[in-house]
Amino acid sequence: MIKVNCFAHLKELAGGNHIHIDKKEMSVKELLEEVQRQYHIQTDSVLVAINEEYAFPDDQVTEYDTVALIPPVSGG
Amino acid sequence: MFSVTSEPLSIEEISNKVVRPEAGAVVTFTGTVREFTKGKRTLYLTYEAYATMAEKQLKRIGDEIKERWPDAVTAISHRTGTLGISDIAVVIAVSTPHRKDAYEANEYAIERIKQIVPIWKKEKWEDGEEWIGDQLEKSAGIPEKEEIR
Numbered sequence: 001m002i003k004v005n006c007f008a009h010l011k012e013l014a015g016g017n018h019i020h021i022d023k024k025e026m027s028v029k030e031l032l033e034e035v036q037r038q039y040h041i042q043t044d045s046v047l048v049a050i051n052e053e054y055a056f057p058d059d060q061v062t063e064y065d066t067v068a069l070i071p072p073v074s075g076g
Numbered sequence: 001m002f003s004v005t006s007e008p009l010s011i012e013e014i015s016n017k018v019v020r021p022e023a024g025a026v027v028t029f030t031g032t033v034r035e036f037t038k039g040k041r042t043l044y045l046t047y048e049a050y051a052t053m054a055e056k057q058l059k060r061i062g063d064e065i066k067e068r069w070p071d072a073v074t075a076i077s078h079r080t081g082t083l084g085i086s087d088i089a090v091v092i093a094v095s096t097p098h099r100k101d102a103y104e105a106n107e108y109a110i111e112r113i114k115q116i117v118p119i120w121k122k123e124k125w126e127d128g129e130e131w132i133g134d135q136l137e138k139s140a141g142i143p144e145k146e147e148i149r
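Residue numbers (UniProt numbering), protein chains in the order written: chain A, 1 to 76; chain B, 1 to 149.
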């Protein structure tokens, strides 16, 4: 089970601080597709962070990683 | 030198972090909450951060500045929580031996914050509220591949 942390409007769409994807390992691209399919969250402009670093679509995510969805940022 | 905090920011405290004998210039940028954006009145803002990652990304901006301006020393603090009009959201202090580098490096820092640091603001208006980043500033907030690693 991969636990995925959510922030900002994604937190509101997910209805909580995190969601779960029932897989042990998958690519970032697959993770985003699964989030979109299961939670109906539009992920076109969402990036994924693995262990607090930005990840690329082909990177692998496992259930032991700290995973987060990063929507477009608006700090400053 | 790089922090995300829910406490009010002190310009002087952050600026003092980069003061040193080698520096002939300290440029301090203060980002404050603006009341009107495109004619719409903001009542207050709420900033949310992925704090641990945000601090790492701020440090990374400090490293990037060091690569481009080797003599620069940078300190950045970003606030989270609910902020009223004119409250300070971010303070960036850069010191260098000569002023030109300090100005340039400071501007570089705020541009990078808006690209890669996982902090989000929610605008509260008289007639509603919205997380910014999922519409108006969408294109500005998505880091390009070469920008994130």
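Backbone N, C-alpha and C fix where the C-beta goes; we use that ideal spot for every residue, glycine too.
All of these numbers come straight from a predicted model, not from anything done at the bench.
DSSP beta-bridge partners of residue i
i	result
Gln60 (chain A)	A:Ser27
Ala25 (chain B)	B:Thr96
His9 (chain A)	DSSP lists no partner for His9 (chain A).
Glu53 (chain A)	A:Ile50
Glu48 (chain B)	B:Trp120
Gly81 (chain B)	B:Tyr47
His20 (chain A)	A:Lys3
Leu69 (chain A)	A:Val48
Ser3 (chain B)	B:Ser77
Ile88 (chain B)	B:Thr32
Thr43 (chain A)	Its beta-bridge partners do not exist; DSSP assigns none.
Arg41 (chain B)	B:Phe36
Rounded C-alpha distance that separates residue i from residue j
i	j	result
Pro71 (chain A)	His40 (chain A)	15 Å
Leu69 (chain A)	Trp69 (chain B)	32 Å
Ala140 (chain B)	Glu33 (chain A)	Here Ala140 (chain B) scores only 41 on pLDDT, less than 50, and its place in the model should not be relied on; the value that follows carries that caveat. For Ala140 (chain B) and Glu33 (chain A), the distance between alpha carbons rounds to 23 Å.
Thr42 (chain B)	Phe36 (chain B)	6 Å
Gly76 (chain A)	Ile50 (chain A)	23 Å
Gly31 (chain B)	Lys24 (chain A)	42 Å
Asp65 (chain A)	His20 (chain A)	13 Å
Arg60 (chain B)	Lys17 (chain B)	17 Å
Glu130 (chain B)	Tyr54 (chain A)	25 Å
residue 90 (chain A)	Met1 (chain B)	Residue 90 (chain A) is absent from the model: chain A starts at 1 and stops at 76.
Ile76 (chain B)	Glu22 (chain B)	20 Å
Asp59 (chain A)	Val48 (chain A)	10 Å
Leu10 (chain A)	Pro97 (chain B)	44 Å
Glu7 (chain B)	Leu58 (chain B)	17 Å
Phe29 (chain B)	Glu48 (chain B)	21 Å
Met1 (chain A)	Glu63 (chain A)	6 Å
Val35 (chain A)	Asn5 (chain A)	12 Å
Arg37 (chain A)	Thr43 (chain A)	10 Å
Asp22 (chain A)	Ala14 (chain A)	16 Å
CA nearest to the CA of residue i, picked from the options
i	options	result
Tyr103 (chain B)	B:Glu22, B:Pro70 and B:Val27	B:Val27
Ala54 (chain B)	B:Pro8, B:Val19, B:Trp131 and B:Arg79	B:Arg79
Ala25 (chain B)	B:Asp101, B:Ala109, B:Gly128 and B:Ile132	B:Asp101
Glu12 (chain B)	B:Val91, B:Ser86, B:Asp63 and B:Ala23	B:Val91
Gly39 (chain B)	B:Ala23, B:Ala49 and B:Trp125	B:Trp125
Ala109 (chain B)	B:Glu123, B:Gly133 and B:Glu64	B:Glu64
Asn106 (chain B)	B:Lys66, B:Thr52 and B:Glu22	B:Lys66
Thr52 (chain B)	A:Val67, A:Gln42 and A:Gln38	A:Val67
Lys56 (chain B)	A:Gln38, A:Glu52 and A:Asp58	A:Glu52
Asp71 (chain B)	B:Ser86, B:Tyr50, B:Ile85 and B:Ser95	B:Ser95
Gly133 (chain B)	A:Ala14, A:Lys3 and A:Val46	A:Val46
Ile85 (chain B)	B:Arg99, B:Ser15 and B:Glu123	B:Glu123
Ser3 (chain B)	B:Arg20, B:Tyr50 and B:Glu111	B:Tyr50
Arg112 (chain B)	B:Arg99, B:Gly62 and B:Gly128	B:Gly62
Beta carbon proximity, residue i to chain E, threshold 8 Å
i	result
Gly16 (chain A)	Looking for chain E here will not work: the only protein chains present are A and B.
Distance between beta carbons of residue j and residue i, contact taken as under 8 Å
i	j	result
Lys114 (chain B)	Thr46 (chain B)	Their Cβ separation, rounded to whole angstroms, is 17 Å, which puts Lys114 (chain B) and Thr46 (chain B) out of contact at 8 Å.
Ala89 (chain B)	Val33 (chain B)	6 Å
Phe56 (chain A)	Pro118 (chain B)	Contact doesn't hold; Cβ gap of about 17 Å is too wide.
Tyr44 (chain B)	Thr82 (chain B)	6 Å
Leu31 (chain A)	Val61 (chain A)	5 Å
Leu3 (chain A)	His18 (chain A)	Looking at the sequence provided, one finds Lys at residue 3 (chain A) rather than Leu. Going by Cβ atoms, the distance from Lys3 (chain A) to His18 (chain A) rounds to 5 Å, so yes, they are a contact pair.
Any non-hydrogen atom of the ligand FMN closer than 7 Å to residue i Cβ
i	result
Asn5 (chain A)	Inclusion of the ligand FMN in the displayed structure is not the case, the ligand content being empty and no account of it being possible.
> Which parts of the segment 92 to 135 of chain B are runs of the alpha helix (DSSP H), unbroken and 4 residues or longer, counting only runs that do not cross its ends?
Replying inline: 99 to 116
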